[in-house]
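Numbering (mature numbering (1 follows the signal peptide of the UniProt record, and there is no 0)) for the sequence shown: -30 to -1, 1 to 304. Below is one structure, written out as structure tokens, with a few remarks after it.
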Amino acid sequence: MTVRQLPLPRLASAIALGVGLATLGLDAQAATEWDMPTPYGDRTFHTVNIREFADDVRDATDGELDITVHSNGSLIGHAEIKNSVRRGIVPIGELIMSRLANENAIFEVDSVPYLAASYEDARTLWEASREVIAEELAEQQLRLLFAVPWPPQGIYTNQLVEAPEDLQNLSMRAYNSASERLAQLAGAVPTQVEVPDIPTAFSTGRVDAMITSPATGADTKAWDYLSHFNHAQLWLPKNMVIVSERAFSRLDETTRQAVLDAAATAEERGWEMSREETDEALAVLEENGITVTTPTPELAAKLEEIGATMTDEWAERAGEQGTTILEAYRAAKQ
Ligand code: PCA
């Protein structure tokens, strides 16, 4: 209904209300409230970092933009977060980038075994891939705000893994297509399980091993179900925060800049938190009785062979955009 169609008494009260708000200086300035779904729990450093990001935005805008973080998939499940932002159901959200590999392999460049398995290389790879990834998201009216890596991925089991054969036939919990493919190539049987469902998956015997970081092992109390962690440092997958371009463009210029500044700060802080988390979480695992090992030469050789296969498979799927990323990455490494 337009103003002209309002019945007279309501038109009068609408005008009175408008005048009242204008007098208070609230007319165009009502604070914007954003709900932000994230997939991981409150203990996770990514969630801690995102809550700080929300605080920074609130502070910098004097409360004009108020972001409420809904962690642990409580508002929207991980699988739906990206599409919910795209459809405008929520303005902003977090997800693991490699979850979008089914749309385009470039989103999974950070989950190729041994392509970039240290923080330094992961950073170089991120710099080499950021633009291509941001452009791909922009085509869907999504703006990439920042991305932060998980600590390096390894393998949790219930027994010491020395030979490649020790991984065969394990029911291995995976979380993206790369972890699934690695499990497959190692002769294990992969099953996708979201982090909030890990404890149940182990207690019901659906899985008996998992690929993840020291951080997620510590957050989910891996010692309740598992005894060994092989710190194989396979890759460092990233979580990213995306915002709908429509919601972003509705903010005024100052608020937009505050969001971008807080995002840049969150990215720096997040990378630092991730590094620190690696050693802290490894210590927590050991304190709780998990035996932490590194691959034997035999296992390392097998994992590297799997990495080479997966690099070829990835390059094939990622096509020209993939070549652009790999060339930029290799040039920057020299
Ligand atoms: N934790 C998340 C993604 C990678 C990680 O370290 C998970 O296990 O699902």
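Note that the Cβ used here is the ideal one computed from N, Cα and C, for glycine as well. These numbers come from a predicted model, not from an experiment.
6 Å Cβ shell around residue i - same chain, five flanking residues per side excluded
{"i": "Q111", "result": "E215"}
{"i": "V163", "result": "R143 and A171"}
{"i": "A117", "result": "K208 and M210"}
{"i": "E237", "result": "F116"}
{"i": "I46", "result": "P7 and S54"}
{"i": "L155", "result": "I276"}
{"i": "L296", "result": "none"}
Alpha carbon of residue i to alpha carbon of residue j, nearest angstrom
{"i": "A285", "j": "A104", "result": "19 Å"}
{"i": "E34", "j": "D25", "result": "12 Å"}
{"i": "M280", "j": "E3", "result": "43 Å"}
{"i": "Q203", "j": "L252", "result": "12 Å"}
{"i": "S147", "j": "T31", "result": "39 Å"}
{"i": "T235", "j": "I168", "result": "31 Å"}
{"i": "A(-9)", "j": "P61", "result": "Per-residue confidence for A(-9) stands at a pLDDT of 45, beneath the threshold of 50, marking its modelled position as unreliable; no derived number is given."}
{"i": "P83", "j": "G277", "result": "5 Å"}
{"i": "Q304", "j": "G63", "result": "35 Å"}
{"i": "W193", "j": "T182", "result": "14 Å"}
{"i": "R245", "j": "T264", "result": "18 Å"}
{"i": "W241", "j": "P119", "result": "7 Å"}
{"i": "A185", "j": "A153", "result": "20 Å"}
{"i": "V39", "j": "R28", "result": "12 Å"}
{"i": "L130", "j": "T225", "result": "53 Å"}
{"i": "E250", "j": "K52", "result": "31 Å"}
{"i": "W205", "j": "G259", "result": "25 Å"}
{"i": "G43", "j": "H16", "result": "13 Å"}
{"i": "P134", "j": "E223", "result": "56 Å"}
{"i": "R21", "j": "E268", "result": "43 Å"}
{"i": "I37", "j": "H48", "result": "19 Å"}
Residues bridged to residue i [DSSP beta-bridge criterion]
{"i": "A144", "result": "Q162"}
{"i": "V213", "result": "I62 and R113"}
{"i": "A179", "result": "M142"}
{"i": "T2", "result": "L35"}
{"i": "H198", "result": "T127 and T261"}
{"i": "T118", "result": "With the sequence shown as reference, residue 118 is identified as Val, and Thr is not the correct amino acid for it. N209, per the DSSP bridge assignment."}
{"i": "H40", "result": "P7"}
Chain-order list of residues whose beta-carbon lies under 7 Å from that of residue i (same chain, five-residue window excluded)
{"i": "F77", "result": "M67, S68, L70, A71 and I103"}
{"i": "L114", "result": "I103, A104, L107, M210 and I212"}
{"i": "V254", "result": "A188"}
Own chain residues within Cβ distance below 8 Å of residue i, not counting five before or after
{"i": "L221", "result": "T2, L35 and V229"}
{"i": "A179", "result": "I125, Y126, T127, N128, L137, L140, S141, M142, R143, A158 and L196"}
{"i": "G58", "result": "S214, R216 and A217"}
{"i": "G11", "result": "T17, S41, N42, V165, P166 and D189"}
Problem set entry | Start-end ranges of the alpha helix (DSSP H) lying completely within the segment 205 to 272, minimum 4 residues | 215 to 219 and 223 to 257
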